[in-house]
Amino acid sequence: MTTDGMPRVHALRRGVPGRLPLVLLHGFPLDHRMWHDVTDLLPGEPTVLAVDLPGFGASPSGPDVAQALGADPAPSLEVMADGVAAALRGQGVERAVVAGLSLGGYVAMALVERHPDLVAGLGLIDTKATADDDAARRTRLEVAAQVRAEMRVDRVLGMRTTLLGATNRVTRPDLSERLERWTRDQGPLGLAWAQEAMAARPDRTQALRAYAGPAVVVVGEEDELSPVAASQHMVDALADARLVVVPGAGHMTSNESPEPVASALQGLLARAQRADAAA
Ligand code: MLT
């Protein structure tokens, strides 16, 4: 837990001073540990900071972060993004390449909208810019209510059976077990708050249209939760985006096929570094 009420930032690697750091935002219902598979493959130069989003891992709860920010305590991705920005600034990070998977991508897009000066490069992995439809929103709110009532994460596990792609659901029981373990490590109240925050999120296509910096969009070809078409939509909205479609991976590309994700992030860091140097 942090002492300033802000999300916990884990320094996975201290790199070369003066280079843009890489900030990684995890998916639901996980925490910063999901990034080790990717960062183990990144060459040594960048500082790598992996955040536990509010209510996950070692971070304070969403309501506690909202209180520390003096913000509306209602569950929202805006509180998550403002908390991440404040935590990074608290560590002296004013500019970074920001990449997020799924929920982490929603938060990265909220950062682009609310803290544009922070984002020197944008990585969007297995995520989408559009809001939930009514049915998806209703399901999230029902799940949140049940998790709060039972104070158990089992209903969340029940709704996350399609995290891995169809191929790896059969061939990678080790990954299924790891994801279940990480999910069971999270507190039920944090998961409920995040479901409510995601249910309330707006469409952020316009925020992507307004973003001029370098971007990469990565998606598993077998992603059933944020399919390839959702990635194409984000690429079309962005001014300078590359699309990487990863064969044989589902929604957890970072762990199902970490090599192409590491290579996409390495390319993004180089492009952002060049763009910042030229500015
Ligand atoms: C995630 O992996 O973070 C989730 O799929 C996000 C969501 O539920 O929309």
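117 is the number that this note's numbering gives to position 134 of the sequence shown; each next residue is one higher, with no gaps. Virtual Cβ for every residue (Gly too), placed ideally from N, Cα, C.
- Relative to the Cα of arginine 187, the nearest Cα in the group Glu61, Leu3 and Gly38 belongs to Glu61.
- Fewer than three beta-carbon pairs drawn from the segment 158 to 176 and the segment 204 to 213 are found closer than 8 Å, and the two stretches are therefore not classed as touching.
- With at least 16 other beta carbons inside 10 angstroms of its own, methionine -11 counts as buried.
- If you check the C-beta of glycine 10 against ligand 1, you find a heavy atom less than 7 Å away.
- Taking a 10 Å sphere around the C-beta of aspartate 65, we find 16 or more other C-beta atoms and assign the residue as buried.
- When DSSP states are grouped into helix, strand and coil, glycine 73 belongs to the helix group.
- The alpha carbon of valine 6 has as its nearest neighbour, out of Pro12, Pro0, Ala(-6) and Asp14, the alpha carbon of Ala(-6).
- Apart from the 5 residues on each side of it in sequence, proline 4 sits with its Cβ closer than 8 Å to the Cβ of Gly(-2), Pro29, Thr30, Val31, Leu32, Val76, Ala79 and Val80 in its chain, given in chain order.
- By the neighbour-count criterion, in which 16 or more other beta carbons inside 10 Å mark a residue as buried, glutamine 256 falls on the buried side.
- Going by C-alpha positions, leucine 191 is about 8 Å away from valine 95.
- Valine -8 places its beta carbon 8 Å or farther from that of glutamine 50.
- If you draw a straight line from the Cα of valine 48 to the Cα of arginine 2, it comes to about 29 Å.
- Sequence-distant Cβ neighbours of histidine 19 in its own chain, meaning closer than 6 Å and more than five residues away, do not exist here.
- Residue pairing from DSSP places histidine -7 in a beta bridge opposite Ala33.
- Ranked by Cα distance from arginine 16, the options Asn238, Leu248, Leu252 and Ala262 are led by Asn238.
- In terms of CA proximity to histidine 98, Met63 leads the group Ala112, Met63, Val218 and Asp117.
- For glycine 250, the three-state secondary structure derived from DSSP is helix.
- Between serine 159 and leucine 140, the beta carbon gap of about 10 Å keeps them out of contact (Cβ cut-off 8 Å).
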